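Residue numbers (our numbering): 1154 to 1289.
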């Protein structure tokens, strides 16, 4: 039986993100604000995932959508926010690797690594969120 612990930790973390990503408020916001809104929508969809009902595949599908949204955001905002976007991508990749390892072999070391990566991704995401919201 597979452990949903690391994935559940990601979902729980998303519930704690303060206010999600707010819509851009300027009359003519930068082009990336719409992509930011789409990312917020995908994050909300993941937050609302019923891990027990949808299983790991449902979570992976929603994480894939988030990855696509980050790629699009990277296209429209990369020049201004490359360091923050690259850090989110790096932490997301590391989290995927540790979650995959924890699902394959749910040892204490693998689960701890996934939990640690959740925190790293959270920090990178909050930095990106703050930078983007300041420009919308």
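All residues carry an ideal CB built from backbone N, CA and C; glycine is no exception.
In this text, all values refer to a predicted model and were calculated from it rather than measured experimentally.
Under three-state DSSP, which class holds residue i?
i            : result
residue 1203 : coil
residue 1255 : helix
residue 1247 : helix
residue 1182 : coil
Along the alpha helix (DSSP H) that carries residue i, what are the first and last residues, could you check?
i            : result
residue 1288 : 1261-1288
Look at the alpha carbon of residue i and the alpha carbon of residue j, and state the distance between them as a whole number of angstroms.
i            : j            : result
residue 1287 : residue 1183 : 11 Å
residue 1216 : residue 1199 : 7 Å
Does the distance from the CB of residue i to the CB of residue j come in under 8 Å?
i            : j            : result
residue 1229 : residue 1278 : no
residue 1247 : residue 1280 : no
residue 1225 : residue 1188 : yes
residue 1244 : residue 1274 : yes
Tell me which residues share the same chain as residue i and place their Cβ nearer than 6 Å to its Cβ, disregarding the 5 neighbours each side in the sequence.
i            : result
residue 1195 : 1218, 1219 and 1222
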